[in-house]
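Everything on this sheet refers to the single structure shown next.
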Amino acid sequence: MARNSSTPSTQGGAAMMIASHVTLTGAGFGEPPRHDFAARCAAAAAAGFDGVGLHAADPVFDDGDAVGLRRVRQALDSSGLRLMEIELLTGWTDGTAGTSAADGASVRRLLALAEAFCPHHVTAGTLDPGPVDAERASRALRELGDRFGEFGTRVAVEGFAWSGLGDPRTWREVVHGCASPWVGFMVDTWHFRNGDGTHDEALDLLGDRIAAVQLNDGRIVAGDHMRHAREERHLPGEGELRPGALAHALRARGYDGPWAVESCDAWLQTAPAKAAASAAFGALAAAIG
């Protein structure tokens, strides 16, 4: 996996820590944030995070991309944080690399964020449960990898359990079939454990293609994966998915990138931003040791 010199994965020898977008929004997945981007940055910085995540649909862009980019920069400058994770690339699994009107607009915004802030990674996936043509999807991923790689940003592919990439074999086939050095796997504890990653040895099937990691917790569920993932993805240490063991196994296999915490549950959706950030930082720090 190519290294991004613009966004280091360690700082003074310590692993860098990211508060993913939804963790501090004070809202559910896809819901308008209770805490705006500036407030989230301030809370994350006070808690000790090195960087934050941002979804392309965040209200910071409600007045247009140019205004939104200025607001993002102001919030980052005020807090001293980096924008290290952006999301979400969709519309590419059919081989078109997000060329529909809606997906294309999202790709353009994400590319603008990549150009302006050189984040460590952009997440990619599909919310469509339909089948995925692995060969076509791999070709589209390579195009996206080339485009984001110009700014030193990796494309980290998620295998949402309810989606066309929910079968871990398809997820792996799509990423391994993409030759771009800027494309790799996003290892999200919840999705990984609810796929075929109950045992850490499943990491060996990913080879050296791990682009980014999101730690969280919860439980193994038999169905209704979307609801459980969106409502019961707890902070590390608050479930049965062993995120600390996963972090140890990742390090043992050579992962030296940043660690993100992506969680969304009833407490996080109602907590003040500073309380959520403090709890998330403590849980992530404990998980990665």
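Using this note's numbering, read the sequence shown as starting at 6 and increasing by one per residue. Ideal Cβ positions, reconstructed from N, Cα and C, are used throughout, including at glycine. Computed from a prediction, not measured in an experiment: that's the story for all the values here.
Counterpart residues of residue i in DSSP-defined beta bridges
| i | result |
| --- | --- |
| residue 190 | 162 and 215 |
| residue 27 | Per DSSP, none; premise fails for residue 27. |
| residue 88 | 57 |
| residue 282 | Answer by DSSP bridge pairing: none, since residue 282 is not bridged. |
| residue 270 | 237 |
| residue 22 | 264 |
Separation of residue j from residue i, as counted between CA atoms
| i | j | result |
| --- | --- | --- |
| residue 206 | residue 226 | 20 Å |
| residue 11 | residue 115 | Residue confidence is low: residue 11 scores 41 on pLDDT, short of 50, so the model does not pin down where it sits. No coordinate-derived value is stated. |
| residue 99 | residue 162 | 15 Å |
| residue 86 | residue 270 | 25 Å |
| residue 164 | residue 84 | 32 Å |
| residue 268 | residue 51 | 19 Å |
| residue 248 | residue 292 | 6 Å |
| residue 24 | residue 54 | 7 Å |
| residue 113 | residue 217 | 22 Å |
| residue 202 | residue 246 | 10 Å |
| residue 89 | residue 123 | 8 Å |
| residue 175 | residue 21 | 30 Å |
| residue 146 | residue 278 | 35 Å |
| residue 211 | residue 260 | 12 Å |
| residue 239 | residue 29 | 13 Å |
| residue 73 | residue 63 | 9 Å |
| residue 75 | residue 204 | 44 Å |
| residue 272 | residue 56 | 22 Å |
| residue 151 | residue 177 | 19 Å |
| residue 250 | residue 79 | 37 Å |
| residue 257 | residue 149 | 29 Å |
| residue 198 | residue 91 | 23 Å |
| residue 255 | residue 129 | 20 Å |
| residue 263 | residue 19 | 9 Å |
| residue 8 | residue 294 | Per-residue confidence for residue 8 stands at a pLDDT of 36, beneath the threshold of 50, marking its modelled position as unreliable; no derived number is given. |
Residue i and residue j closer than 9 Å at C-beta
| i | j | result |
| --- | --- | --- |
| residue 182 | residue 140 | yes |
| residue 195 | residue 159 | no |
| residue 209 | residue 243 | no |
| residue 131 | residue 101 | no |
| residue 192 | residue 215 | yes |
| residue 274 | residue 32 | yes |
| residue 37 | residue 45 | no |
| residue 166 | residue 234 | yes |
| residue 224 | residue 236 | no |
| residue 154 | residue 111 | no |
| residue 200 | residue 241 | no |
| residue 281 | residue 48 | yes |
Pick from the options that is closest to residue i, judged by C-alpha positions
| i | options | result |
| --- | --- | --- |
| residue 143 | 97, 152, 166 and 135 | 97 |
| residue 219 | 213, 286, 277 and 230 | 286 |
| residue 125 | 189, 164, 175 and 101 | 189 |
| residue 58 | 81, 36 and 39 | 81 |
| residue 108 | 61, 178, 31 and 23 | 61 |
| residue 168 | 290, 92 and 137 | 137 |
| residue 26 | 84, 204, 93 and 117 | 93 |
| residue 42 | 197, 67 and 19 | 67 |
| residue 289 | 252, 272, 280 and 79 | 252 |
| residue 266 | 120, 64 and 283 | 283 |
| residue 77 | 240, 176 and 119 | 119 |
| residue 70 | 117, 237, 29 and 128 | 117 |
| residue 65 | 154, 56, 48 and 40 | 40 |
| residue 127 | 157, 133, 135 and 79 | 157 |
| residue 134 | 151, 148, 198 and 229 | 229 |
| residue 35 | 264, 294 and 231 | 231 |
Heavy atom of the ligand FAD within 8 Å of residue i beta-carbon
| i | result |
| --- | --- |
| residue 196 | The model depicted lacks the ligand FAD and carries no ligand whatsoever. |
Cβ of residue i within 9 Å of any chain D Cβ
| i | result |
| --- | --- |
| residue 108 | Any reference to chain D falls outside this structure, which holds one protein chain only. |
* **Any alpha helix (DSSP H) of 4 or more consecutive residues that is wholly inside the segment 89-158** => Whole alpha helix (DSSP H) segments, 4+ residues: 106-122 and 139-154.
* Could you name each continuous alpha helix (DSSP H) segment of 4 residues or more that falls completely within the segment 196-250, going from the start of the chain to the end? => Unbroken alpha helix (DSSP H) runs of no fewer than 4 residues, entirely contained in the segment 196-250, are found at 230-236, following chain order.
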